[in-house]
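Peer 1: All residue numbers in the sequence shown are consecutive under this note's numbering, ending with 399. Virtual Cβ for every residue (Gly too), placed ideally from N, Cα, C. Questions regarding the structure given below will be posed in turn.
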Amino acid sequence: MKLFSGSSNLPLSQKIAQALQMELSPIETMIFPDGERRVKLNDSVVEEDAVVIQSTNTPVDQNYIELFFIIDALKRSGARSITAVIPYLGYQRQDHVFRDGEVVSLDVMIRFLESLKVDRIIAFDLHSIKIPELFHIPVTHLSALPLFAERIQSKAFNKLVDSDDPEEFLKDTILVSPDMGGLRRIEQVSKTLNGLSWIATVKDRDLRTGDITIKHFEGPLSPSDLPGKRALIVDDMISSGNTVVQSAQLLKDNGVVSCDVFATHAIFSEEAPELLQDSSIDRVYVTNTVFIQEEKRFPKLHVLSVAESLAKALHT
Ligand code: R5P
């Protein structure tokens, strides 16, 4: 097997290579003065199973193009098979038509990948469980939820939220979905955590502007159950930060004593770090599916690594 990395998340690629006790194969990418890019593999892949790792977060189109070019170079150079590890799959929230006349952007990207003859995709926490069905090639859909559940149960985390007794900790803790679309994730984490009870905050979105408002709750728990509880919000991604910040504020307004956020993909906008740091959220846990530049890191942020899970998936 030969392992190549695009430029969007080199630190994660290096960690995956380390977990597999391999080296990343050298690759040359350059950008011409007019902005065109060129990719050249500096390793032989003839009759090799080739893997390319590239998250397609911001700059989304640029990162996709680089991925397409690497795949094409692998194919032309004689690779036996090509696996694309796309820890964060860009355009995944545009997986169907919301309003008449719209593009299905994710479908366009899938058609590019398939026409380039990729054999397998590995991705993390896709926005909808229906996304793998949009592909005509095998998709391994991994999740950070077990990693989050493990962290929630760890002594270190219990201590952070002021509890020495794991049982007492879970008794006073609730899971929160910041919107109705995240219920599947909440049910999954709840199962791992002895059926921890949950509530959802209900998000309304203006489809034209994208603006959101979160004002009320739904779920087995009601607002009267909230005073004194510790809340754990679970989501798939944080972009502007508005969803989790508004959800946390509503929870705190209703008597929750602490509020921690667990979200897989840190696709932070420019404003997100400051908004999250200044919010009523106590801690923000994300993974390294997306590389977080130094200037986007903030004191409340904790980053967990998905490298081991990806390395394991590449073995199967
Ligand atoms: C939406 O359905 C997703 O699950 C996330 O809640 C959303 O994309 C987060 O975006 P933002 O941080 O901009 O509110």
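Please name the residue in F115, R176, L196 whose C-alpha comes closest to that of V187.
Peer 2: R176
Peer 1: With a threshold of 7 Å (Cβ to nearest heavy atom), would P261 be considered close to ligand 1?
Peer 2: yes
Peer 1: Going by DSSP, which residues form a beta bridge with S260?
Peer 2: A283
Peer 1: Only counting the same chain, and skipping five residues up and downstream in sequence, which positions put a Cβ closer than 8 Å to that of N125?
Peer 2: Correct list, in chain order: S108, P109, I110, E111.
Peer 1: Considering only residues of the same chain and omitting the five flanking positions on each side of K158, which have a CB-CB separation below 8 Å?
Peer 2: I165, L199, K200
Peer 1: Determine contact between the stretch 350 to 361 and the stretch 290 to 298, defined as no fewer than three beta-carbon pairs at a distance below 8 Å.
Peer 2: Not touching, per the Cβ criterion.
Peer 1: With a CB to CB cut of under 8 Å and the five nearest residues on each side skipped, what residues in its chain are close to K213?
Peer 2: D178.
Peer 1: In whole angstroms, what separates the C-alpha of E130 from that of A156?
Peer 2: In this structure, the alpha-carbon of E130 lies about 14 Å from that of A156.
Peer 1: What separation, rounded to the nearest whole angstrom, lies between the Cα atoms of T372 and H224?
Peer 2: 13 Å
Peer 1: Do you know whose CA, among G264, S127, Q145, lies nearest R120's CA?
Peer 2: Q145
Peer 1: Quick one, are the C-beta atoms of V180 and I136 less than 8 Å apart?
Peer 2: no
Peer 1: Going by the C-beta, is G265 closer than 7 Å to any heavy atom of ligand 1?
Peer 2: G265 Cβ: within cutoff of ligand 1.
Peer 1: Should the stretch 201 to 210 be regarded as contacting the stretch 236 to 249, the criterion being three or more beta carbon pairs within less than 8 Å?
Peer 2: In short, these stretches do not touch, since the Cβ pair count stays below three.
Peer 1: Taking the alpha helix (DSSP H) that I193 falls in, what are its first and last residues?
Peer 2: 188 to 198
Peer 1: Whose CA, out of R268, L266, W281, S260, lies closest to the CA of K254?
Peer 2: In terms of Cα proximity to K254, the closest of R268, L266, W281, S260 is W281.
Peer 1: Mind checking which residues open and close the alpha helix (DSSP H) that includes K242?
Peer 2: 238 to 243
Peer 1: Opposite M320 in the DSSP bridges: which residues?
Peer 2: Per DSSP, H348.
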